[in-house]
Amino acid sequence: MGLFKKKILVFSRLHITNFGDPIIADCCKYIIEKTAKENGVKVKVSLADVYEKDMAVMKKHLKNKKAVVFPGGGLNSVVFNEKILNFFPLIEQQKDTSVFFNAIGILKINPKKQNEELLTELFNKEQVKQVTTRGDYDQLLKYIRTPKEYPCKLVFDPAIWVNEAYGIEQKPNASKIGIGVIRPEIFEKNGNAFSTEDVMQMYSDIIAQLNEKGYKWELFTNGMKEDYNFGVRLLHHLGLNKKKYLGKNVKNCRELVEKIASYKAVIAARLHANIIATSLRIPSVALVWNDKMNLFAEIIGEEERYLGTDKLRDASCIVHQLELAIENGYNEDKINRMKEITVETIKNIIN
0 MGLFKKKILV FSRLHITNFG DPIIADCCKY IIEKTAKENG VKVKVSLADV YEKDMAVMKK
60 HLKNKKAVVF PGGGLNSVVF NEKILNFFPL IEQQKDTSVF FNAIGILKIN PKKQNEELLT
120 ELFNKEQVKQ VTTRGDYDQL LKYIRTPKEY PCKLVFDPAI WVNEAYGIEQ KPNASKIGIG
180 VIRPEIFEKN GNAFSTEDVM QMYSDIIAQL NEKGYKWELF TNGMKEDYNF GVRLLHHLGL
240 NKKKYLGKNV KNCRELVEKI ASYKAVIAAR LHANIIATSL RIPSVALVWN DKMNLFAEII
300 GEEERYLGTD KLRDASCIVH QLELAIENGY NEDKINRMKE ITVETIKNII N
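Numbering (numbering that gives the first Met the number 0), first residue to last: 0 to 350.
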């Protein structure tokens with residue numbers, strides 16, 4: 000009581016129905032608090048939404064904060080990054096506030112020139128003390144023009160701590176395979192020669208293969224309505240019951256984590272479905288549409304389980320990789336080493 004607490008603000012996308020980003024924010028807050036406690040540092044961590052429209056409210060969030068942390072997730076949206084730049088003058092009014100970009104995702108393949116210019120401007124602001132990435136380290140270095148107080152690092156996405164942050168573990172006797180569906184046009188929009196019809200066929204073939212091998216399964220989403228609507232269409236196409244094979248869409252972060260925790264193993268197209276599964280040590284196979292998924296695979300040493308479009312027409316290959324994942328589990332040493340590296344960068348935030 001009465002001891003000074005370093006006030007830290009975690010700024011993220013909080014009100015978004017693809018629950019990956021809110022989970023990142025929750026987990027980043029958890030890691031900061033956990034690391035501070037383990038190092039005897041008193042902190043008070045609060046959350047705020049980058050999309051807050053009222054500048055007076057934004058100013059109130061920032062008041063007396065010693066550190067502002069962008070917790071992770073993709074920084075590939077011009078709209079999002081311009082939003083950060085728009086309220087950066089409020090941070091600059093507080094000269095003793097340090098800024099940390101944590102575990103950010105950036106594109107190496109076909110990045111937008113406008114977005115690269117925004118990233119360069121953001122990362123080289125005087126108050127930015129550290130930039131870490133969950134993805135391509137060499138790509139990040141291209142945007143760093145001024146020396147940082149702390150060096151750039153390759154780190155884990157905070158969601159790898161979701162089991163601890165939410166106090167959730169895999170359910171005992173889990174027997175179903177969870178199939179994480181995604182809006183089908185996302186493959187082509189990310190430069191893959193993989194049409195909506197191809198995606199429909201891919202999921203249909205995966206289901207047929209699981210049925211043939213006697214696995215129980217169900218569809219799930221990360222919360223996005225467009226993904227859920229595709230799941231409904233897929234089941235209608237297959238003549239299967241929505242209530243039995245999909246049910247209601249998840250409504251919040253905890254529901255998503257609990258949903259994934261109910262599965263024996265997961266085949267999923269959303270990055271954070273796979274990261275959550277990894278955190279819970281539930282075997283997962285990824286249906287890759289974006290390089291950010293391959294970058295996570297490299298960090299955990301499971302590249303063979305992250306399948307690009309050259310493999311996604313072969314359901315037997317997908318299910319075979321799932322069975323290997325169930326048999327072999329995860330590389331615990333690799334995960335633990337990367338966690339340790341990540342925590343070292345979190346210590347810079349609480350110093």
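Using N, Cα and C, we set each Cβ at its ideal position, and we do this for glycine too.
Residue i, DSSP secondary structure in three states
i	result
residue 17	coil
residue 168	coil
residue 160	helix
residue 244	helix
residue 176	strand
residue 268	coil
residue 192	coil
residue 155	coil
residue 1	Low local confidence applies: a pLDDT of 47 at residue 1 is under 50, so the model's placement there is unreliable, and no value is given.
residue 141	coil
residue 200	helix
residue 136	helix
residue 184	coil
residue 148	coil
residue 123	coil
7 Å Cβ cutoff met for residue i and residue j
i	j	result
residue 344	residue 152	yes
residue 258	residue 249	yes
residue 40	residue 349	yes
residue 319	residue 19	no
residue 46	residue 24	yes
residue 180	residue 230	yes
residue 44	residue 32	yes
residue 311	residue 201	yes
residue 352	residue 100	What is shown of the chain runs 0 to 350, which leaves residue 352 out entirely.
residue 56	residue 4	no
residue 166	residue 219	no
residue 182	residue 225	yes
residue 144	residue 114	no
residue 337	residue 298	yes
residue 281	residue 169	yes
residue 300	residue 330	yes
Residue span of the beta strand (DSSP E) that contains residue i, given as start and end
i	result
residue 10	5–11
residue 132	127–132
residue 250	Per DSSP, residue 250 belongs to no beta strand (DSSP E) and is neither H nor E.
Endpoints, alpha helix (DSSP H) assigned at residue i
i	result
residue 224	224–237
residue 347	331–349
Bridge-paired residues (DSSP) for residue i
i	result
residue 353	The displayed coordinates of the chain run from 0 to 350. Any statement about residue 353 would go beyond what the structure contains.
| Segments of 4+ residues assigned as alpha helix (DSSP H) that fall wholly inside the stretch 259–327 | 270–278, 290–299, 314–327
| said: To test your reading of the DSSP string, which unbroken beta strand (DSSP E) runs of 3 or more residues are found completely within the stretch 88–120? | reply: 97–104
| task | Could you pull out every unbroken beta strand (DSSP E) segment of at least 3 residues lying fully inside the stretch 17–94, listed in chain order? | result | 42–48, 66–69
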